[in-house]
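Heads up, the sequence shown is in this note's numbering, so the first residue is 32 and it goes up one at a time. Right, one structure below, let's go through it.
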Amino acid sequence: MKYETILFREKETPGYTFAFNIGPSGTIIGRTRDANDVRHGFIRSQDGSFTIFDAPGAGTAPGQGTWAYAINPSGAITGFFFDSVTAAHGYVRSNQGVITVFDAPGAGTGPGQGTFVVSPLIINPNGAIAGYYTDSAFVNHGFLRDQNGSFTTFDAPGAGTGADQGTFSFAISPGGEITGFYFDGTNASHGFLRDNMGVITTYDVPGSGTGFLQGTYGGGFTPNGTIMGNYFDADDLSHGFLLDKNGVFTTFDAPEAGSVPGSFEGTYPFGINANGAITGWYVDDADVNHGFVRDKLGAIVEFDVPGAGTGPGQGPLVFGIAPNGAVTGFFLDPNNVVHGFVREGEGLALGLPH
């Protein structure tokens with residue numbers, strides 16, 4: 032496959048571009064980091080033009096600012112921002128550019144607390160948004176914000192109640208089902224499904240580890256309602272999985288995924304499109320990242336982005352996939368500078384500005 036990379040370099044603001052999702056029209060969204068270490072949301076239109084935006088109330092100190100994670104077919108964008116005390120708040124930006132800020136009931140207001148919307152699959156076509164909030168004791172809880180702005184909060188059965196434990200919503204289906212994961216009292220992870228009536232079912236992939244941060248992480252939905260995600264085994268290796276509506280699991284690994292025990296190498300699925308194609312990345316035995324696309328029949332194609340570094344921790348991280356198979360994400364070059372990219376449906380990789 033022949034690739035072409037085009038980098039658009041900002042001459043006066045040497046920031047970093049983190050692309051997280053791509054809409055049906057080819058619009059790419061994410062966040063950039065400026066020379067003062069402040070974050071800003073961005074929209075890259077199909078013609079290559081950029082719109083930079085900030086949520087009202089976003090902080091302007093290093094580490095603060097606006098993150099954009101998800102876009103739905105109508106062009107609504109959601110994410111979160113850190114304010115001047117580094118508390119988090121959610122927002123949704125309409126396709127007309129109007130930004131509405133929201134906070135889940137019970138969200139803490141201190142540094143590192145608040146309302147978080149952190150997944151490319153966290154808004155559905157109707158505008159319903161799922162996420163999690165961190166309370167004043169640093170315990171996490173799931174929430175659903177419907178298209179009218181009404182909130183429902185919830186906890187998965189078995190979720191831990193200690194600091195950094197609790198429930199994390201990670202994806203919402205067109206019908207309003209939510210999947211994600213929760214950390215129990217020993218900090219092992221388990222998947223959950225919350226149906227559109229509010230009933231929560233928990234699940235664990237066979238072979239999931241039970242140690243610290245091991246276990247099952249629900250991540251998204253296929254068009255027919257199958258759950259997608261990853262799990263960590265007892266050797267701290269990541270594998271992809273699918274869980275169908277009959278409770279049957281299918282696991283998968285990129286062919287060249289690493290297998291060094293204790294390394295957190297392996298396969299990390301992250302995005303899925305309306306045709307059932309899955310994208311993400313894998314970490315090889317040298318701790319280098321590479322992209323992959325898995326079609327709905329299970330065939331996996333691996334890829335690298337031109338200009339990506341080949342050292343530990345370098346290479347592409349892939350988050351979003353459009354209906355036509357175009358994928359987006361970002362990569363670290365040999366100097367650990369971050370660049371965005373889009374890989375077109377036929378495999379052409381184009382760089383975004385950093």
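All C-beta atoms in this analysis are idealised placements derived from N, C-alpha and C, irrespective of residue type, glycine included.
Spatial distance of residue i from residue j (CA atoms)
| i | j | result |
| --- | --- | --- |
| V170 | N261 | 23 Å |
| L152 | I203 | 7 Å |
| S167 | W98 | 22 Å |
| V314 | G110 | 27 Å |
| F49 | T63 | 6 Å |
| D266 | T217 | 17 Å |
| T36 | K276 | Note that T36 scores 36 on pLDDT, short of 50, meaning its location in the model is unreliable; the coordinates nonetheless yield the value given after this. The alpha-carbon atoms of T36 and K276 are separated by roughly 41 Å. |
| G128 | I74 | 11 Å |
| F243 | F263 | 10 Å |
| N366 | D226 | 45 Å |
| S220 | Q245 | 6 Å |
| F182 | G197 | 18 Å |
| G311 | Q77 | 22 Å |
| F280 | G329 | 14 Å |
| A66 | F51 | 21 Å |
| G342 | T298 | 18 Å |
| F223 | V349 | 24 Å |
| D177 | V123 | 12 Å |
| Y47 | V336 | 16 Å |
| N179 | G158 | 9 Å |
| F372 | L273 | 27 Å |
| G376 | F147 | 31 Å |
| P45 | V236 | With a pLDDT of 42 at P45, under the threshold of 50, the modelled position of this residue cannot be trusted; read the value that follows with caution. So the two alpha carbons sit approximately 43 Å from each other. |
| G293 | S125 | 43 Å |
| I209 | H370 | 31 Å |
| T184 | F212 | 15 Å |
| R325 | R374 | 14 Å |
| F214 | D364 | 33 Å |
| A161 | G250 | 12 Å |
| P300 | M259 | 8 Å |
| L379 | Q345 | Reliability of the predicted coordinates at L379 is poor, the pLDDT of 49 falling under 50, and the value obtained from them is presented with this limitation in mind. The alpha-carbon atoms of L379 and Q345 are separated by roughly 20 Å. |
| F362 | F295 | 18 Å |
| F201 | G229 | 16 Å |
| G145 | G90 | 14 Å |
| A138 | D186 | 14 Å |
| V69 | G240 | 37 Å |
Residues sharing a beta bridge with residue i, DSSP
| i | result |
| --- | --- |
| G94 | Answer is none; G94 lacks a bridge partner. |
| Y47 | R64 |
| V132 | Y122 |
| F84 | G72 |
| N367 | Paired residues: none, contrary to the question. |
| A99 | G110 |
| N52 | I60 |
| F361 | L348 and G371 |
Nearest to residue i (by Cα), restricted to the options the options
| i | options | result |
| --- | --- | --- |
| A101 | Y234, N155 and R70 | N155 |
| A317 | H270, S220, G340 and T232 | G340 |
| F252 | G206, F372 and P347 | G206 |
| Y164 | V236, N157, F133 and D78 | F133 |
| T232 | S150, P188, G360 and Y47 | P188 |
| G191 | S181, F201 and G173 | G173 |
| V116 | P104, G96 and I108 | G96 |
| A288 | L268, G278 and P93 | L268 |
| G238 | L175, H270 and G106 | H270 |
| T257 | G338, V230, A305 and G57 | A305 |
| F112 | S105, P104, N103 and I130 | I130 |
| I108 | F84, G90 and F283 | F84 |
| T58 | S105, A194, G346 and P93 | S105 |
| A86 | Y234, G79, T140 and G121 | G121 |
| E333 | P286, G360 and P254 | P286 |
| V319 | S150, V291 and N103 | V291 |
| S80 | G94, P93, A92 and I60 | I60 |
| N255 | K327, Y234 and D284 | K327 |
Nearest-angstrom beta carbon gap, residue j and residue i [assumed within contact, 8 Å]
| i | j | result |
| --- | --- | --- |
| D114 | G88 | 5 Å |
| G322 | V368 | Not confirmed; about 18 Å, so no contact. |
| A353 | P55 | 6 Å |
| G351 | G302 | 5 Å |
| A118 | T140 | 5 Å |
Quick one: which unbroken alpha helix (DSSP H) runs of 4-plus residues sit fully inside the stretch 212-267? Chain order, please. If we require 4 residues or more, the stretch 212-267 turns out to have no alpha helix (DSSP H) run fully inside it.
Runs of beta strand (DSSP E) lying entirely within the stretch 140-223, each at least 3 residues, in chain order: Fully enclosed beta strand (DSSP E) runs of no fewer than 3 residues occupy 145-147, 160-165, 171-176, 182-185, 197-203 and 209-214 of the stretch 140-223, in order along the chain.
Extract the residue ranges of the beta strand (DSSP E) inside the stretch 260-331, only unbroken runs of 3 or more that lie entirely within it. Fully enclosed beta strand (DSSP E) runs of 3 or longer: 269-274, 280-283, 297-303, 309-314 and 320-325.
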